[in-house]
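S.K.: The structure is given below, and queries will be raised subsequently.
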Amino acid sequence: MKDLKIAVLQIDSNQKDIKGNLGKIIRRVEGAAKEGANLMVCCELGLSAFLLSRDEYVEVAQTIPGPATEEVGAAAKKANAYVIFGLPEKDGEDIYNSLAVMGPGGNLVKRYRKAHLWLTENQTFVKGNELCIFDTEFGKIGSTICYDIMYPEFIRAIAAKGAGVITHSTGMVTTEDCDKFGWDPEFYNAFVRTRAWENQVYIPSSNRCGNDLFLYFLANSCVATPWGSLAGKLG
1 MKDLKIAVLQ IDSNQKDIKG NLGKIIRRVE GAAKEGANLM VCCELGLSAF LLSRDEYVEV
61 AQTIPGPATE EVGAAAKKAN AYVIFGLPEK DGEDIYNSLA VMGPGGNLVK RYRKAHLWLT
121 ENQTFVKGNE LCIFDTEFGK IGSTICYDIM YPEFIRAIAA KGAGVITHST GMVTTEDCDK
181 FGWDPEFYNA FVRTRAWENQ VYIPSSNRCG NDLFLYFLAN SCVATPWGSL AGKLG
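Residue numbers (full-length UniProt numbering): 1 to 235.
This is the structure:
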C-alpha cells in the first residue's frame with residue numbers, strides 16, 4: 001500500500017466570490033503538491049463562504065459534476081492527489097451543503113451531502129442521507145462535514161465500514177468575545193481528537209479562517225491520530 005501524506009487546506013473564503021475562492025483552493029492544492037501531499041482536504045462551503053439566505057445560495061450553487069468540479073479536478077490531476085472541497089450544490093429545486101471528492105485522474109470520485117444540519121440550516125439545505133466512503137490505493141477513506149462530528153454513532157458507522165481515514169470539512173465559528181459567552185475554542189480540536197481516538201482512525205479536519213457577517217472562524221485546522229494526539233495543527 002502506498003504511503004498517504006495528508007494536507008489540510010485552510011482558506012478565508014469571500015462571500016459569493018466563486019472565481020476568487022476557486023483560485024484560493026487551487027493555489028493551496030498547488031502548494032500542498034509541492035510538499036508531496038496526496039490527500040488534500042478543504043473546508044465546508046469553501047467555494048461560496050457562509051451566506052445569509054437561501055436565495056443567496058441558489059444564486060451561487062453548483063451542479064456536481066459541473067464547472068467547479070472540473071477546475072478542481074484539473075488541479076487534482078496535476079497534483080496527482082485526492083482533493084476534497086465544500087460547495088453549495090443544486091439538484092433541481094433542492095440545495096445541499098456538499099463535498100466533492102476529486103481523484104488524481106481529475107475525475108469525480110464521490111459526492112457527499114451533509115447529513116446533520118446545524119440550527120437553521122434546514123431552512124436552506126436539504127439533508128443528506130448517505131455515508132461517504134470511497135476506495136483508494138491507500139485504503140478506504142470516509143468524509144464528513146462540520147456538525148456530523150458531534151454524532152459518535154455516525155463516525156463509528158463510517159469506521160465500521162473499513163475507513164482508516166475520515167476527513168472533516170468544517171466552518172467552526174466563535175464570537176468576537178469568546179469568554180463572554182463561555183465558548184472555549186479548544187472544543188473544536190477536542191471533538192476531532194476524541195472521534196479519532198474512539199475509532200482508531202486518522203481525522204484530517206479543515207476549518208475556515210477569517211471572518212464575515214457576524215461570524216469569526218476558529219481556524220486551527222488539524223490532523224488527529226488514532227492515539228488522540230495531533231500530528232499537525234494550523235493557527
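Using N, Cα and C, we set each Cβ at its ideal position, and we do this for glycine too.
Can you name the residues that DSSP bridges to MET102?
M.R.: What you label residue 102 is simply residue 102 of the sequence shown in a count that begins at 1. The partner list for MET102 (beta bridge, DSSP) reads VAL83 and LEU108.
S.K.: Quick check on DSSP: helix, strand or coil for THR225?
M.R.: The sequence position of residue 225 within the sequence shown is 225, counting from 1. Coil at THR225, not helix or strand.
S.K.: What is the DSSP secondary structure of GLY139, reduced to helix, strand or coil?
M.R.: As a working mapping, residue 139 is identified with position 139 in the sequence shown. GLY139: strand per DSSP, three-state reduction.
S.K.: Would you mind sorting ILE148 into buried or exposed? The rule is 16 or more other CB atoms within 10 Å of its CB.
M.R.: Locating residue 148 in the sequence shown gives position 148, where the first residue counts as 1. Going by the sequence as given, residue 148 is Asp instead of Ile. So ASP148 ends up on the buried side.
S.K.: Under a three-way DSSP split, which group does GLN62 fall into?
M.R.: Counted from its first residue, the sequence shown places residue 62 at position 62. Three-state DSSP puts GLN62 in a strand.
S.K.: Flag this pair as touching only if the segment 13-20 and the segment 133-147 have three or more C-beta atom pairs under 8 Å; answer yes or no.
M.R.: Contact fails: fewer than three Cβ-Cβ distances are below 8 Å.
S.K.: Would you mind working out which of GLN10, VAL72 and GLY228 sits nearest GLY106, comparing C-alpha positions?
M.R.: Counting from 1 along the sequence shown, the entry for residue 106 is found at position 106. Comparing Cα positions, the closest option is VAL72.
S.K.: Whose CA, out of ASP12, ILE141, LEU218 and ILE11, lies closest to the CA of ALA157?
M.R.: The residue labelled residue 157 in the question sits at position 157 within the sequence shown. The shortest Cα separation from ALA157 among ASP12, ILE141, LEU218 and ILE11 belongs to ILE141.
S.K.: Determine, using beta-carbon pairs with one atom in the segment 212-224 and one in the segment 49-68, whether at least three such pairs fall under 8 Å.
M.R.: Yes: the two stretches touch, three or more of their Cβ pairs being nearer than 8 Å.
S.K.: In terms of residues, what are the limits of the alpha helix (DSSP H) holding LYS24?
M.R.: Within the sequence shown, the letter at position 24 stands for residue 24. From DSSP, the alpha helix (DSSP H) with LYS24 extends over 18-34.
S.K.: Rounded to the nearest angstrom, what separates GLY139 and GLY162 at their Cα positions?
M.R.: By 1-based counting over the sequence shown, the position of residue 139 is 139. By 1-based counting over the sequence shown, the position of residue 162 is 162. Cα to Cα, the separation comes out at about 8 Å.
S.K.: Distance, Cα to Cα, residue 241 vs ILE6?
M.R.: Coverage of the chain is limited to positions 1 through 235, which leaves residue 241 absent and any answer about it impossible.
S.K.: Just the Cα atoms here: how many angstroms apart are VAL66 and LEU108?
M.R.: Reading the sequence shown from its first residue, position 66 is the one you call residue 66. Reading the sequence shown from its first residue, position 108 is the one you call residue 108. Sequence inspection shows Gly at residue 66; the Val mentioned does not correspond to that position. Cα-Cα distance, rounded: 10 Å.
S.K.: Using 8 Å as the threshold, is the C-beta distance between GLY232 and ASN220 below it?
M.R.: Sequence index remark: in the sequence shown, residue 232 carries index 232 (1-based). Sequence index remark: in the sequence shown, residue 220 carries index 220 (1-based). Contact: no.
S.K.: What's the call for LYS34, buried or exposed, on a 16-neighbour Cβ count within 10 Å?
M.R.: Translated into the one-based positions of the sequence shown, residue 34 becomes position 34. Classification of LYS34: exposed, given that the 10 Å Cβ count is below 16.
S.K.: Given a cut-off of 8 Å, decide if ALA159 and ASN199 are closer than it, judged by their beta-carbon atoms.
M.R.: Reading the sequence shown from its first residue, position 199 is the one you call residue 199. Reading the sequence shown from its first residue, position 159 is the one you call residue 159. Cβ distance < 8 Å, so ASN199 and ALA159 count as in contact.
S.K.: What number of angstroms, rounded off, separates the C-alpha of ALA68 from the C-alpha of ARG208?
M.R.: Position 68 of the sequence shown, counted from the first residue, corresponds to residue 68. Position 208 of the sequence shown, counted from the first residue, corresponds to residue 208. Their Cα atoms are separated by approximately 19 Å.
S.K.: For GLU191, which of helix, strand or coil comes out of DSSP?
M.R.: Stepping through the sequence shown from its first residue, residue 191 is reached at position 191. For clarity, residue 191 is Phe in the given sequence; the question names Glu instead. Looking at PHE191 - three-state DSSP - the assignment turns out to be helix.
S.K.: Using a Cβ-Cβ cut-off of 6 Å (strictly less than) and excluding sequence neighbours within five positions of PHE154, which residues of its own chain qualify?
M.R.: As a working note, residue 154 is residue 154 in the sequence shown. The answer, listed in chain order, is ASP148.
S.K.: How is the beta strand (DSSP E) around ALA157 delimited, first residue to last?
M.R.: Here residue 157 refers to the residue found at position 157 when the sequence shown is read from its first residue. Looking at the DSSP string, ALA157 is not in any beta strand (DSSP E); the run it does join, the alpha helix (DSSP H), is 152-160.
S.K.: In the structure shown, what three-state DSSP assignment does GLY92 receive?
M.R.: Within the sequence shown, numbered from 1, the residue matching residue 92 stands at position 92. DSSP places GLY92 in coil when its eight states are reduced to three.
S.K.: Where does ILE166 sit, in a helix, a strand or coil, going by DSSP?
M.R.: In the sequence shown, residue 166 corresponds to position 166, counting from 1. ILE166: strand per DSSP, three-state reduction.
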